[in-house]
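Residue numbers (numbering that gives the first Met the number 0), protein chains in the order written: chain A, 0 to 145; chain B, 0 to 145; chain C, 0 to 145.
Glycine included, each C-beta is placed from N, C-alpha and C at the ideal position.
Presented below is the structure to which this report refers.
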Amino acid sequence: MSPEPPHSAGRHFLLRLPKGADVWEWLADFCARESVKTAAVQIIGATEEVTIGYYDQVRRDYHKRTFRQEMEILSCAGNVSLKDGKPFPHLHACMGDVELKVWGGHLFAGSKVFAAEAHVVELLGPERERLPDAATGLTLWRCPEA
Amino acid sequence: MSPEPPHSAGRHFLLRLPKGADVWEWLADFCARESVKTAAVQIIGATEEVTIGYYDQVRRDYHKRTFRQEMEILSCAGNVSLKDGKPFPHLHACMGDVELKVWGGHLFAGSKVFAAEAHVVELLGPERERLPDAATGLTLWRCPEA
Amino acid sequence: MSPEPPHSAGRHFLLRLPKGADVWEWLADFCARESVKTAAVQIIGATEEVTIGYYDQVRRDYHKRTFRQEMEILSCAGNVSLKDGKPFPHLHACMGDVELKVWGGHLFAGSKVFAAEAHVVELLGPERERLPDAATGLTLWRCPEA
């Protein structure tokens, strides 16, 4: 058995993001406004600007790159949980350029939506809280197995 | 508060697409047949042929490219809502080639399934209708914030 | 009408994978332990090592490649159904490298998690069983249309 009860689905939100919105900030604000503490998320659309990066597992910091060009959001998947008591999105994005080549990474604040559509599934049940994790240098949920 | 009520999950469909099917057409037909007006979708599989593209945000038209080669559907995410009164899929796809390189874009009609599996979540609640949007040249839902 | 009843959502699991876990094996074990027979899955995170590949539609075998380098799991989408009576994950992954380039394919056993977060939606209703399919050489569910 898992050491804690599972979640159940609460509200489903199917939403258009406003033109010009920052995807990360918009989602954090939306969840705060709607009191969504835990969620699963999938977003598609297009951006005029986007900031993605990867986590250097050895140096333990993020490398960011901002693409100031039109790109398709092919997939922007992840979740929302609590960090410092507030809803905190964790999203990974695949972005397509005009040659249909794909670039991807951890999504940071610093994007500008051209058009986008989000599916946010609220998860009811135990809260998930991000706490510093010594083994990775990230802020992670406590491991069910721990 | 959001200006309209959220959705709730209706039926979940976990389906195999027939060999030779066109992903976009198959999904539109399935939703029409099952009276699914609003849904969230994720598909994985492989195609013998696929048509993807991107939306030129300045010229305001789609550029399409058809790949006549075997590719993996790594992710094909999006939604179904109403356009002209009928269920209309909006899907973005990441496709993998034989070198494991990834190509991606907006999925158009014009694909041929080798094998594929879809998860379609029916969303019950307010209808989402695609209407012309002057700011982007696309057909979008009315913005919750508008 | 579809030839069989749809599914409904059961438990939602939002889980952190342990560092060092094999994604495929971890998910298969989790589902066996929790008696999850059918599910939809999305995972994001990062790996120290990952094995992906594609299915050669003509020769009818998988080509695998193991990446022994740090990569982001941008999307790892798919499902769980029964094969030989046991929960069997079918996942396709988009993986990002340190240049933010994306590689993708069918996910095999043979990965090593740095950090990862999974959303697993249990689907209640008819079982899905993987059986040999003569037309593709794969193990697939019986086609609803068949």
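In three-state terms, what does DSSP make of residue i?
| i | result |
| --- | --- |
| Arg32 (chain C) | helix |
| Trp25 (chain B) | helix |
| Leu130 (chain B) | strand |
| Leu139 (chain C) | strand |
| Ala38 (chain C) | strand |
| Leu99 (chain B) | coil |
| Gly9 (chain A) | strand |
| Phe107 (chain C) | coil |
| Lys18 (chain C) | coil |
| Met0 (chain A) | No answer about Met0 (chain A) holds up, because its pLDDT of 44 lies below 50 and its placement is not dependable. |
| Gly77 (chain C) | strand |
| Arg67 (chain B) | coil |
| Gly124 (chain A) | coil |
Identify the contact partners of residue i in chain B, using a Cβ-Cβ distance below 8 angstroms as the criterion.
| i | result |
| --- | --- |
| His105 (chain C) | Glu71 |
| Ala92 (chain C) | Leu73 |
From which residue to which residue does the beta strand (DSSP E) around residue i run?
| i | result |
| --- | --- |
| Leu90 (chain B) | 85-95 |
| Gln56 (chain A) | No beta strand (DSSP E) holds Gln56 (chain A); DSSP gives it neither H nor E. |
Expressed to the nearest angstrom, what Euclidean distance is found between the alpha-carbon atoms of residue i and residue j?
| i | j | result |
| --- | --- | --- |
| Phe12 (chain C) | Val57 (chain B) | 42 angstroms |
| Arg15 (chain A) | Leu139 (chain B) | 8 angstroms |
| Met0 (chain A) | Arg32 (chain A) | Here Met0 (chain A) scores only 44 on pLDDT, less than 50, and its place in the model is too uncertain to base an answer on. |
| Cys142 (chain C) | Pro17 (chain B) | 6 angstroms |
| Asp83 (chain B) | Arg127 (chain B) | 11 angstroms |
| Glu71 (chain B) | Tyr61 (chain C) | 12 angstroms |
| Thr135 (chain B) | Pro86 (chain C) | 45 angstroms |
| Lys63 (chain C) | His118 (chain A) | 33 angstroms |
| Leu81 (chain C) | Val120 (chain C) | 15 angstroms |
| Gln41 (chain B) | Gln41 (chain C) | 10 angstroms |
| Ala133 (chain A) | Pro131 (chain B) | 50 angstroms |
| Phe113 (chain A) | Phe107 (chain A) | 17 angstroms |
| Phe66 (chain A) | Ala76 (chain B) | 22 angstroms |
| Trp25 (chain B) | Ala115 (chain B) | 11 angstroms |
| Trp23 (chain A) | Arg59 (chain B) | 26 angstroms |
| Arg129 (chain B) | Glu3 (chain A) | 42 angstroms |
| Thr46 (chain C) | Leu137 (chain A) | 14 angstroms |
| His89 (chain B) | Val97 (chain B) | 26 angstroms |
| Glu69 (chain A) | Glu69 (chain C) | 28 angstroms |
| Ser7 (chain B) | Val101 (chain C) | 34 angstroms |
What distance in whole Å lies between the Cβ atoms of residue j and residue i, which are believed to be in contact at a cut-off of 8 angstroms?
| i | j | result |
| --- | --- | --- |
| Ile51 (chain A) | Met94 (chain A) | 7 angstroms |
| Asp21 (chain A) | Ser110 (chain A) | 5 angstroms |
| Val35 (chain A) | Val79 (chain A) | 6 angstroms |
| Pro5 (chain C) | Gly124 (chain C) | 6 angstroms |
| Leu122 (chain B) | Gly9 (chain B) | 7 angstroms |
| His105 (chain A) | Ser74 (chain C) | 12 angstroms between Cβ atoms; not a contact. |
| Leu99 (chain C) | Tyr53 (chain A) | 7 angstroms |
| Ala38 (chain C) | Cys30 (chain C) | 7 angstroms |
Which residues in chain B have a C-beta closer than 7 angstroms to the C-beta of residue i? List them in chain order.
| i | result |
| --- | --- |
| Cys30 (chain C) | Here the premise fails: no neighbours, minimum Cβ distance about 14 angstroms. |
| Gly95 (chain A) | Tyr53, Gly103, Gly104 |
| Gly77 (chain C) | Ile43 |
Which bits of chain C does residue i rub up against, with CB to CB less than 8 angstroms?
| i | result |
| --- | --- |
| Leu137 (chain A) | Ala114 |
Run down chain B in chain order and give the residues with a C-beta less than 9 angstroms from the C-beta of residue i.
| i | result |
| --- | --- |
| Tyr54 (chain C) | Ala45, Glu69, Glu71, Phe113, Ala114 |
| Leu122 (chain C) | His11, Leu13, His118 |
| Thr37 (chain C) | Leu13 |
Residues of chain A with a CB under 7 angstroms from the CB of residue i: which are they?
| i | result |
| --- | --- |
| Ile51 (chain B) | Leu99 |
| Arg58 (chain B) | In chain order: nothing, as chain A lies at least about 11 angstroms away. |
| Arg64 (chain B) | Leu99 |
| Lys18 (chain C) | Ala134, Thr135 |
| Arg127 (chain B) | Leu13 |
Interface residues of chain A around residue i at Cβ under 9 angstroms?
| i | result |
| --- | --- |
| Gly109 (chain B) | Per Cβ cutoff of 9 angstroms: no residues; Gly109 (chain B) is ~14 angstroms from chain A at best. |
| Pro8 (chain C) | According to the sequence displayed, residue 8 (chain C) carries Ala and not Pro. Residues of chain A passing the Cβ test: Ser7, Ala8. |
So which residues on chain A does residue i lean against when the C-beta distance must stay under 8 angstroms?
| i | result |
| --- | --- |
| Ser80 (chain C) | Near Ser80 (chain C) there are no residues of chain A at all, since even the closest Cβ is about 19 angstroms away, more than 8 angstroms. |
Mind pulling the chain C residues with CB within less than 7 angstroms of residue i?
| i | result |
| --- | --- |
| Ile140 (chain A) | Strictly speaking, residue 140 (chain A) in this sequence is Trp, with Ile absent from that position. Residues of chain C passing the Cβ test: Arg15. |
The ligand ZN and residue i: does the residue's C-beta get closer than 7 angstroms to at least one heavy atom of that ligand?
| i | result |
| --- | --- |
| Leu26 (chain B) | For the ligand ZN, the structure offers nothing, since it holds no ligand at all. |
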